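A.B. asks: In order, the protein sequences belong to chains A and B.
Here my numbering is used: the first residue of the first sequence is 378, the next is one more, and so on.
Here my numbering is used: the first residue of the second sequence is 11, the next is one more, and so on.
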Amino acid sequence: MNHLVDRLSSDLKPVRLAPAPGLVTAAWIFLSALFLGIWVAGFHRYRSDAGVLIHSFTFTGIFAALFLTSAVAGLLAVRSAIPGRDLSKGWLLVLFLFFVLALLPLFGRTLQESPAELLSGLSLKNGWHCGLSVMLYALLPATVLLWFFNKKLASTRPLLSGGLVGLSVGALGAAALAWVCPQDEAVHLLIWHILPVFVLSLIFAKLSRKFLSF
Amino acid sequence: LEIVTFDPWAANFMTSSWNKNKHQTEREERWRTLFVKAQKGESSAYRVFLEEMMKVLADYYQNSLRKYGRGADSALISDLVQETLLAIHQKRATYQPSQPFGPWLFAIARYKMIDSFRKNSRETTVEDWGLLEASLVAENVLMEVDQKEDLEILFEALNEKQKELLRLLKMEGLSVREVSARLAMSESAVKVAVHRAMKILKEKKRSS
């Protein structure tokens, strides 16, 4: 054991402290949003009625709630990857509220939809592309964040960190997809845009135990 | 009229509790000061810190293992202390001097303990005794092993993690790097653990 102490103290070099969680989250959200904006504009094209949708209170409300869910989940993910940092109940409540704000209008609209709209929304033919897009949008931002956690931070709660990363990138992907997908049925949005967010949370929670161990 | 009564038990409790908290705060403040110096590259402060941590972590693991009903296995405690010291060293940049030090330290210590429980709960079976025996004889750990049972008896001296390490390294033929990735340990921790396992086997063989 003393040999270890000798080795560690003789190998010692000054370290640059890990940046503050707020700064990391802000930089990551900015770069991810920029990346997704360029991707959507370059490869998918914005939906033709995007100019009109900006003035729709429901659309912008859901988009903002998803974006804020992503930002808060990202912040909590970064905090969870620093040993000894508590996730305050206040922030968890804020996260929950934003996510509920994104979901409530969709649940409300589902009740008003006709059987034909419900069937169309559930259709795999119309939906698989959206589900896949949310996953693809999430891939690079999630990899960057998890890589950063692995190299620069130290998650002592990897399941939680991974789950929050999944929620954050999933919500960001769903927010980006809202500008591309022309389908407005609430069921379609819930199944093919929002459900993948939960799937991503589970996948990243599972992956993180292995990937974030130190 | 105000009646003031003196309760010696309560007074004693409050004084000792206050003293305990004060002592704890002072202790954490000292660790924090030493660690912040270490973050700046001051190796003498780091050495004092690590030496103190060896005792602190050993006590912590002894109490925690007892609390979890795992028994205070000294080899396990020693392994946990080493792994935690390595983790503290590798992740020392994650501590922010403006934050309290105790929660940072014990979050890492607790993580290492839970990680160890998880790894040890995996069933480890040593299947190919012949291959392992040949490898150990080749490395002069064992001069001769007549029967498979001998090796099994020797292996009782090792903990599950050490058995797993030897199985991966000697029977599956993985490199230290591969083993460290698979078991989520640092390469130096793998080397230290294998070295210790070999030493235990040698001593056990010598005494039998």
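Just so it is clear, CB atoms sit at the ideal spot from N, CA and C, and this is done for glycine as well.
Quantities reported herein were computed from a predicted structural model and do not represent experimental measurements.
Whose C-alpha, out of A:THR446, A:ILE415, A:THR533 and A:PHE434, is nearest the C-alpha of A:PHE575?
C.D. replies: Numbered from its first residue, the first sequence carries residue 575 of chain A at position 198. For A:PHE575, the nearest C-alpha among the options comes from A:THR446.
A.B. asks: Taking Cβ positions only, does A:LYS583 come closer than 7 Å to chain B?
C.D. replies: Position 206 of the first sequence, counting from 1, holds the residue named residue 583 of chain A. It does not; no Cβ of chain B falls within 7 Å.
A.B. asks: Return the first residue and the last residue of the alpha helix (DSSP H) that A:TRP505 is part of.
C.D. replies: The count along the first sequence starts at 1 and reaches residue 505 of chain A at position 128. A:TRP505 -> alpha helix (DSSP H) spans 501–529.
A.B. asks: Who are the Cβ neighbours of A:ILE406 in its own chain at under 8 Å, not counting the five residues just before and after it?
C.D. replies: Sequence index remark: in the first sequence, residue 406 of chain A carries index 29 (1-based). Taken in chain order, the residues that qualify are SER447, ALA448, GLY451 and LEU549.
A.B. asks: Please work out which residues of its chain come closer than 8 Å, Cβ to Cβ, to A:GLY428, disregarding the five sequence neighbours upstream and downstream, and give them in chain order.
C.D. replies: Translated into the one-based positions of the first sequence, residue 428 of chain A becomes position 51. For A:GLY428, same chain residues with a beta-carbon under 8 Å away, outside a window of 5 residues either side, do not exist.
A.B. asks: Output, in chain order, the set of chain A residues within a Cβ distance shorter than 8 Å of B:GLU36.
C.D. replies: Walking along the second sequence from the start, residue 36 of chain B turns up at place 26. Correct list: empty, because the minimum Cβ distance to chain A is about 19 Å.
A.B. asks: Please identify the residue among A:SER500, A:LEU544 and A:LEU443 whose C-alpha is closest to the C-alpha of A:ALA553.
C.D. replies: The sequence position of residue 553 of chain A within the first sequence is 176, counting from 1. The shortest C-alpha to C-alpha distance from A:ALA553 to any of A:SER500, A:LEU544 and A:LEU443 is the one to A:LEU443.
A.B. asks: Indicate whether at least one CB of chain A lies closer than 7 Å to the CB of B:GLY51.
C.D. replies: Taking the second sequence and counting its residues from 1, the one referred to as residue 51 of chain B is at position 41. At a cut-off of 7 Å between beta carbons, B:GLY51 contacts chain A.
A.B. asks: Measuring alpha carbon to alpha carbon, tell me which residue in A:ALA458, A:PHE475, A:GLN489 and A:LEU483 is nearest A:ARG586.
C.D. replies: Sequence index remark: in the first sequence, residue 586 of chain A carries index 209 (1-based). Selected option, being the one with the closest Cα: A:ALA458.
A.B. asks: Closest by CA to A:ALA555, which one among A:LEU413, A:SER386 and A:ALA404?
C.D. replies: Here residue 555 of chain A refers to the residue found at position 178 of the first sequence. Closest by alpha carbon: A:LEU413.
A.B. asks: Output the distance between the C-alpha atoms of B:LYS209 and B:LEU86, rounded to the nearest integer angstrom.
C.D. replies: Residue mapping note: residue 209 of chain B aligns to position 199 of the second sequence, counting from 1. Residue mapping note: residue 86 of chain B aligns to position 76 of the second sequence, counting from 1. Cα-Cα distance, rounded: 15 Å.
A.B. asks: If the criterion is Cβ atoms closer than 7 Å, does the pair B:SER190 and B:VAL202 meet it?
C.D. replies: Numbered from 1 along the second sequence, position 180 holds the residue referred to as residue 190 of chain B. Numbered from 1 along the second sequence, position 192 holds the residue referred to as residue 202 of chain B. No, these two residues do not count as a Cβ contact at 7 Å.
A.B. asks: Does DSSP put A:ASN379 in a helix, in a strand, or in coil?
C.D. replies: Mapped onto the first sequence, residue 379 of chain A falls at position 2. Three-state DSSP puts A:ASN379 in a helix.
A.B. asks: First and last residue of the alpha helix (DSSP H) that includes A:HIS421?
C.D. replies: Numbered from its first residue, the first sequence carries residue 421 of chain A at position 44. No alpha helix (DSSP H) holds A:HIS421; DSSP gives it neither H nor E.
A.B. asks: Tell me, please, whether the segment 28–42 of chain B touches the segment 564–581 of chain A by the rule of three or more beta-carbon pairs shorter than 8 Å.
C.D. replies: no
A.B. asks: Alpha carbon to alpha carbon, how far is B:LYS101 from B:ALA119? Give it in angstroms, no decimals.
C.D. replies: Reading the second sequence from its first residue, position 109 is the one you call residue 119 of chain B. Reading the second sequence from its first residue, position 91 is the one you call residue 101 of chain B. If I take the Cα positions, the gap works out to 12 Å.
A.B. asks: Closer than 7 Å, CB to CB, is B:LEU60 near chain A or not?
C.D. replies: Position 50 of the second sequence, counted from the first residue, corresponds to residue 60 of chain B. Taking Cβ atoms only, chain A reaches closer than 7 Å to B:LEU60, which makes this a yes.
A.B. asks: With distance defined between alpha-carbon atoms, name the residue in A:HIS380, A:GLY419, A:PHE420 and A:ARG462 nearest to A:GLY399.
C.D. replies: If you number the first sequence from 1, residue 399 of chain A lands on position 22. When each option's Cα is compared against that of A:GLY399, the closest is A:ARG462.
A.B. asks: I'd like to know if A:LEU394 contacts chain B, where contact means its C-beta is closer than 7 Å to some C-beta of that chain.
C.D. replies: As a first step, residue 394 of chain A must be located in the first sequence, where it is residue number 17. Judged by the 7 Å Cβ criterion, A:LEU394 is in contact with chain B.
A.B. asks: Who are the neighbours of B:TRP261 on chain A, taking C-beta pairs under 7 Å?
C.D. replies: This structure gives no information on residue 261 of chain B, because the portion of chain B shown stretches from 11 to 218.
A.B. asks: With a threshold of 7 Å between beta-carbons, can A:SER390 be considered close to chain B, or not?
C.D. replies: Translated into positions along the first sequence, residue 390 of chain A becomes position 13. According to the sequence as given, residue 390 of chain A is Lys; it is not Ser. Answer yes: the Cβ-Cβ gap between A:LYS390 and chain B drops below 7 Å somewhere.
A.B. asks: Using 7 Å as the threshold, is the C-beta distance between A:PRO460 and B:TRP114 below it?
C.D. replies: For the purposes of this step, residue 460 of chain A is identified with residue 83 of the first sequence, where counting begins at 1. For the purposes of this step, residue 114 of chain B is identified with residue 104 of the second sequence, where counting begins at 1. The answer is yes: Cβ separation under 7 Å.
A.B. asks: Mind checking if B:THR43 is an interface residue toward chain A, Cβ cutoff 7 Å exclusive?
C.D. replies: The sequence position of residue 43 of chain B within the second sequence is 33, counting from 1. Not an interface residue.
A.B. asks: Which of the three DSSP states, helix, strand or coil, is assigned to A:PHE591?
C.D. replies: Counted from its first residue, the first sequence places residue 591 of chain A at position 214. It is coil, neither helix nor strand.
A.B. asks: Do you know offhand how far B:THR43's Cα is from B:GLU174's?
C.D. replies: Numbered from 1 along the second sequence, position 33 holds the residue referred to as residue 43 of chain B. Numbered from 1 along the second sequence, position 164 holds the residue referred to as residue 174 of chain B. So the alpha carbons of these two residues sit roughly 39 Å apart.
A.B. asks: Is the shortest distance between the beta-carbon of B:ILE87 and the beta-carbons of chain A less than 7 Å?
C.D. replies: On the second sequence, residue 87 of chain B is found 77 positions in, with the first residue counted as 1. No Cβ of chain A is located within less than 7 Å of the beta carbon of B:ILE87.
A.B. asks: Give me the chain A residues within the contact set of B:ALA97, using Cβ-Cβ distance strictly less than 7 Å, ordered along the chain.
C.D. replies: Against the second sequence, residue 97 of chain B aligns to sequence position 87. Correct list: PHE591.
A.B. asks: With contact counted as at least three CB pairs below 8 Å, one residue from each stretch, are the segment 486–499 of chain A and the segment 509–529 of chain A in contact?
C.D. replies: no
A.B. asks: Please classify B:ASN73 as buried or exposed, where buried requires at least 16 other C-beta atoms within 10 Å of its C-beta.
C.D. replies: In the second sequence, residue 73 of chain B corresponds to position 63, counting from 1. Exposed: under 16 other Cβ atoms inside 10 Å.
A.B. asks: Leaving out five residues before and five after A:HIS421 in sequence, what residues of the same chain have Cβ atoms less than 8 Å from its Cβ?
C.D. replies: Reading the first sequence from its first residue, position 44 is the one you call residue 421 of chain A. So the list reads SER510 and VAL557, once near-sequence residues are dropped.
A.B. asks: Could you pull the start and end residues of the alpha helix (DSSP H) that A:TRP468 belongs to?
C.D. replies: Stepping through the first sequence from its first residue, residue 468 of chain A is reached at position 91. It spans 466–489 - the alpha helix (DSSP H) in which A:TRP468 sits, taken as one unbroken run.
A.B. asks: At least one CB of chain A closer than 7 Å to the CB of B:GLN92: is that the case?
C.D. replies: Stepping through the second sequence from its first residue, residue 92 of chain B is reached at position 82. Taking Cβ atoms only, chain A reaches closer than 7 Å to B:GLN92, which makes this a yes.
A.B. asks: Figure out for me which residue from B:GLY183, B:ILE163 and B:ASP83 has the closest Cα to the Cα of B:SER217.
C.D. replies: Residue 217 of chain B sits at position 207 when you count from the first residue of the second sequence. Considering only alpha carbons, the answer is B:ILE163.
A.B. asks: Along chain A, in chain order, which residues have C-beta atoms closer than 7 Å to that of B:ALA48?
C.D. replies: In the second sequence, the residue the question calls residue 48 of chain B occupies position 38. LEU389, listed in chain order.
A.B. asks: Please report whether the beta-carbon of B:ILE210 lies at a distance below 7 Å from any beta-carbon of chain A.
C.D. replies: As a first step, residue 210 of chain B must be located in the second sequence, where it is residue number 200. By this cut-off, B:ILE210 is not an interface position.
A.B. asks: Would A:VAL392 pass as a contact of A:THR487 if the rule is Cβ separation under 7 Å?
C.D. replies: Taking the first residue of the first sequence as 1, we reach residue 392 of chain A at position 15. Taking the first residue of the first sequence as 1, we reach residue 487 of chain A at position 110. Not closer than 7 Å, so no.
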